[in-house]
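Top to bottom, those sequences are chains A and B. Taking numbering that gives the first Met the number 0, the leading residue of the first sequence gets 0, the next gets one more, and so forth. Taking numbering that gives the first Met the number 0, the leading residue of the second sequence gets 0, the next gets one more, and so forth. Glycine is no exception: its CB is placed at the ideal position from the N, C-alpha and C atoms. Scroll down for the structure; my scribbles are underneath it.
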Amino acid sequence: MAKLDSAASLSQMRDQLKVRNSELSSKDSPQSTIQVKVTMATCGIASGSRPVFDYMKEELGKRNIPALVTKVGCMGFCYAEPTIEITMPGKAPVMFGFVNTKKADEIIERFIRKGETIEGVIPMNYEIA
Amino acid sequence: MKRGTWHVARITCSLSRKNMAKQIRIALRNCGVIDPERIEDYISRDGYMALATVLTELTPGAVIEIMKKSGLRGRGGGGFPAGLKWEITRKVQADQKYVVCNADEGDPGAFMDRSILEGDPHSVLEAMAINGYCTGASKGLVYIRAEYPLAIDRLKTAMKQAREMGLLGDNILGTGFNFDIDIRYGAGAFVCGEETALIHSMEGLRGEPTVKPPFPSVEGYLKKPTNVNNVETFANVPVIINKGWEWFSSIGTEKSKGTKVFALAGKINNVGLVEVPMGTTLREVIYEIGGGIQYGKEFKAAQTGGPSGGCLTKKHLDTPIDYDNLIAAGSMMGSGGLIVMDEDDCMVAIAKFYLEFTVEESCGKCSPCRIGNKRLHEILGKITQGNGTMEDIDKLRNLGQVIKDTSLCGLGQSSPNPVLSTIDNFIEEYLEHVKDKKCRSKVCKSLMQYLVLPEKCIGCTLCARNCPVNAISGERKQAHLIDQEKCIKCGACLEKCKFNAIIIN
Ligand SMILES: Cc1cc2nc3c(=O)[nH]c(=O)nc-3n(C[C@H](O)[C@H](O)[C@H](O)COP(=O)(O)O)c2cc1C
Ligand code: SF4
Ligand code: SF4
């Protein structure tokens, strides 16, 4: 990584990243992709999120579904770990709780591929500053 | 599958509610949103912009003014105004100063700080650098317990990335400001979260508190001025700079601004991490965000402030939660542990549980805390065993007060709180234990009797065959009898009896 040598270079980098991120989640951009976030804080890992993370990464690749799978910190729903959040391009994020590899398979096949509504959605109950 | 079912049912009902209590994530803004091991993710969410603004556009005095006006108070327990602490540290003249992040988090059941460090480590690093700029420190130290390996890993990764990008180290962002951070490990002693003990522990000395003043801001690590703030306090700082103190101080109550992260635990449906504006009521936290009490049971109390705090009861359900209201209610904010108790919890046993913790964790330096807490614990033991007297309750009160008044550090000064607040709020439970030798929640084993109801017992002998100590006698097809002297109260008979003929008295 190159050193940032001024405040201006930092804000330039930020602006580029913001553009990239909005392209990722926009429906119409060529960069557009499905974003999958798997909770991998101590609570999530202890409840089994690591195999879910690996499964998502591997299976989405195998099944030719372009997606960006990332690990994130605690989303706050410890009672429902492992939790994962899926953002389809142009849509609001949807969060699922109690995800194991079986549920992950259902999420890939039914929610991601077919756009069906499936069980296990956790409503977002917070606003982010 | 069963778990999934009630989960979905609950979701349906919480969706239908119109005015769901609002959570606002400020300290947790990036947790669950960004990859904590990618600095680009943090930067894309305005990360390090506050540091850039501070270094290029603001004087240290101006930043401190913003912090003071924001009303941010320390989230580590004491609630001391952060801006004021920064100012005090700034004013002391010294050739070297230090910024310390307190990530000891010793409160049992609390995991707010761990979650921040695991989900958004850069926010803490950025805030420490801002603090260094304001106070004149070039060195930061994170004191973190060794039991947090993942948090430590992510912190290290974040530090490495920040250095590589010129956001830590020499000449940050080309401004000539130098600041770097190191990690120090704690061994998991509760008292080492107390700032003077923490500093001694970092110096390689015994983790024992010393008298304040001198406060760390004046004389701390290696006798140099040291600004100690908690993880969550720091995590709020970059947002305050980016969004302005006006925005921050518009959230919360008159004297407690912003939000507080709570680790919701105990007999609650939605165990988890929540961040609510100061002034949210306990009812909103428990019933709207927490999804209510498990198995539809009745709420009895909520412990805030961990072993140093007290319990809030039904009459406090609609009290807005902030620093001052909690103190007025006989508890304290503490670091954010919030443990919910229901009708099955015995308040005397709860007080005893917390005392056990403090007896274990007292550093032993001063007698009131070392010996006094032990005596409190013994008296509680006596009461839960059915040997308590009315004088014992008075003794708990008096001794508790003496320990509070005469202990050296915050541990001893607050350790009797769980006892005193349960006596204040649940005196009837103490009286029942002492006078009637009864524990209504059926927790205190010595006060329980397993009895056979002769009218229901058909004499199947199943209980007698399962009793590990042969305490049950009786002929086949005749009512059985439990020998109370022999019974060890294991509950096996109650579980085995198919005719509900065994009860707990
Ligand atoms: C027994 C005891 C334990 C403490 N443990 C912690 C802790 O784990 N984390 C913390 O931030 N503060 C803890 N504190 C409070 C610290 O002494 C200090 O007030 C705090 O770190 C200051 O930061 P703040 O103003 O940002 O809250 C503890 C205090 C006492 C008396
Ligand atoms: S009050 Fe307790 S923990 Fe604090 S210094 Fe005295 S003995 Fe140690
Ligand atoms: S509670 Fe246990 S020890 Fe007591 S009578 Fe029943 S089975 Fe025997």
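B:L27 versus B:I392 - alpha carbon distance: In the second sequence, counting from the first residue as 1, residue 27 of chain B sits at position 28. In the second sequence, counting from the first residue as 1, residue 392 of chain B sits at position 393. If I take the Cα positions, the gap works out to 43 Å.
Cutoff 9 Å: A:Y78 Cβ touching any chain B Cβ: Counting from one through the first sequence, the residue named residue 78 of chain A turns up at place 79. For A:Y78, the answer is yes, since a Cβ of chain B falls inside 9 Å of its Cβ.
Residue from A:D14, A:E108, A:V98 and A:L23 with nearest C-alpha to B:S43: As a first step, residue 43 of chain B is located in the second sequence; it is residue number 44 there, counting from the start. The shortest C-alpha separation from B:S43 is found at A:D14.
For A:N99, the residue or residues it bridges with in DSSP: If you number the first sequence from 1, residue 99 of chain A lands on position 100. Bridge partners of A:N99: none, in fact.
B:P208 Cβ short of 8 Å to ligand 2 heavy atom set: Position 209 of the second sequence holds residue 208 of chain B. Under cutoff, so the answer is yes.
Nearest to A:G60 (by Cα), restricted to the options A:A1, A:N20, A:K17 and A:I33: On the first sequence, position 61 is the one that residue 60 of chain A refers to. Ranking the options by Cα distance to A:G60, first place goes to A:I33.
Local conformation of A:M94 per DSSP, three classes: Taking the first sequence and counting its residues from 1, the one referred to as residue 94 of chain A is at position 95. A:M94 falls in the strand class under three-state DSSP.
Residue interval of the alpha helix (DSSP H) (run including B:G131): The residue labelled residue 131 of chain B in the question sits at position 132 within the second sequence. Start and end: P120 to T134.
A:T38 beta carbon near ligand 1 (any heavy atom closer than 8 Å): For this step, residue 38 of chain A is matched to residue 39 along the first sequence. The answer is no for A:T38.
Member of B:Q92, B:D119, B:K68 and B:K67 whose CA lies at the smallest distance from the CA of B:V32: On the second sequence, position 33 is the one that residue 32 of chain B refers to. Among B:Q92, B:D119, B:K68 and B:K67, the Cα nearest to that of B:V32 belongs to B:D119.
Short CB-CB distance (under 9 Å) between A:G114 and chain B: For the purposes of this step, residue 114 of chain A is taken as the residue at position 115 of the first sequence. No, A:G114 does not count as interfacial toward chain B.
Assumed close pair B:Y147, B:R113 - CB separation to whole angstroms, cut-off 8 Å: Stepping through the second sequence from its first residue, residue 147 of chain B is reached at position 148. Stepping through the second sequence from its first residue, residue 113 of chain B is reached at position 114. Right, the Cβ-Cβ distance comes to about 5 Å (below 8 Å), so this counts as a contact.
Extent of the continuous beta strand (DSSP E) to which B:K138 belongs: Position 139 of the second sequence, counting from 1, holds the residue named residue 138 of chain B. Counting along the chain, the beta strand (DSSP E) containing B:K138 begins and ends at K138 to R144.
Where the stretch 63–75 of chain A meets chain B: residues whose CB sits under 7 Å from a CB there: T69, K70, V71, G72, C73, M74 and G75
beta-carbon B:V32 near ligand 3 non-hydrogen atom, thresh 8 Å: Residue 32 of chain B sits at position 33 when you count from the first residue of the second sequence. Result no, Cβ not under 8 Å from ligand 3.
For B:R24, the residue or residues it bridges with in DSSP: If you number the second sequence from 1, residue 24 of chain B lands on position 25. In the DSSP output, where bridge partners are listed per residue, B:R24 has A:I127.
Ligand 1 heavy atom lying under 8 Å from the CB of B:S334: Numbered from 1 along the second sequence, position 335 holds the residue referred to as residue 334 of chain B. For ligand 1, at least one heavy atom lies less than 8 Å from the Cβ of B:S334.
Proximity test, B:P467 beta-carbon vs ligand 3 heavy atom, cut-off 8 Å: The sequence position of residue 467 of chain B within the second sequence is 468, counting from 1. Indeed, a heavy atom of ligand 3 lies less than 8 Å from the Cβ.
Any C-beta of chain A under 9 Å from that of B:Y286: Taking the second sequence and counting its residues from 1, the one referred to as residue 286 of chain B is at position 287. Closer than 9 Å: no.
Distance between A:E84 and B:K444 (C-alpha atoms, nearest Å): As a first step, residue 444 of chain B must be located in the second sequence, where it is residue number 445. As a first step, residue 84 of chain A must be located in the first sequence, where it is residue number 85. Cα to Cα, B:K444 sits roughly 45 Å from A:E84.
Opening and closing residue of the alpha helix (DSSP H) in which B:G371 lies: Here residue 371 of chain B is taken as the residue at index 372 of the second sequence, counted from 1. First-last for B:G371: undefined, no H or E at that position.
Cβ-heavy atom distance, B:E360 to ligand 2, below 8 Å: Residue 360 of chain B sits at position 361 when you count from the first residue of the second sequence. B:E360: yes, Cβ under 8 Å from ligand 2.
B:I151, enclosing alpha helix (DSSP H) - first and last residue: Taking the second sequence and counting its residues from 1, one reaches residue 151 of chain B at position 152. It spans P148 to E163 - the alpha helix (DSSP H) in which B:I151 sits, taken as one unbroken run.
Counterpart residues of B:T258 in DSSP-defined beta bridges: For the purposes of this step, residue 258 of chain B is taken as residue 259 along the second sequence, with counting starting at 1. DSSP lists B:P276 as partners of B:T258.
Proximal residues of chain A, C-beta to C-beta of B:E117 below 8 Å: Position 118 of the second sequence holds residue 117 of chain B. Simply A40, T41, G72 and C73.
Those residues which DSSP pairs with B:R72 across a bridge: As a working note, residue 72 of chain B is residue 73 in the second sequence. DSSP output for B:R72 lists B:P80 as bridge partner(s).
Within-9 Å CB hit, B:T232 to chain A: Counted from its first residue, the second sequence places residue 232 of chain B at position 233. No, no contact with chain A.
CB-CB length for A:G114 against A:K102, believed under 8 Å: Residue numbering aside, residue 114 of chain A sits at position 115 when the first sequence is read from its first letter. Residue numbering aside, residue 102 of chain A sits at position 103 when the first sequence is read from its first letter. The pair is not a contact, with the Cβ atoms about 17 Å apart (cut-off 8 Å).
Meets three-Cβ-pair contact criterion under 8 Å: the stretch 149–165 of chain B and the stretch 63–74 of chain B: no
Chain-ordered chain A contacts of B:V99 [CB-CB under 9 Å]: For the purposes of this step, residue 99 of chain B is taken as residue 100 along the second sequence, with counting starting at 1. Within chain A, no residue comes near B:V99; the closest Cβ sits about 23 Å away, beyond 9 Å.
Residues near B:L311 by beta carbon distance below 7 Å, same chain, minus five either side: As a working note, residue 311 of chain B is residue 312 in the second sequence. The answer, listed in chain order, is L281, A300, A301, T303, A328 and S330.
Neighbourhood of A:P50 by C-beta, 7 Å cutoff - its chain only, sequence neighbours within 5 removed: Indexing the first sequence from 1 puts residue 50 of chain A at position 51. So the list reads T100, once near-sequence residues are dropped.
Range of the contiguous alpha helix (DSSP H) that encloses B:N235: The residue given as residue 235 of chain B occupies position 236 in the second sequence. Unbroken alpha helix (DSSP H) run through B:N235: V230 to K242.
For B:Q483, the nearest candidate out of B:K476, B:N469, B:G399 and B:C100 (CA to CA): Numbered from its first residue, the second sequence carries residue 483 of chain B at position 484. The residue with the shortest Cα to Cα distance from B:Q483 is B:N469.
Contact test: B:K470 Cβ vs ligand 3 heavy atom, cutoff 8 Å: Residue mapping note: residue 470 of chain B aligns to position 471 of the second sequence, counting from 1. The question names Lys, but residue 470 of chain B is Ala in the sequence shown. Yes.
Chain A contact residues for B:D112, given Cβ-Cβ distances below 9 Å: As a working note, residue 112 of chain B is residue 113 in the second sequence. In chain order: nothing, as chain A lies at least about 11 Å away.
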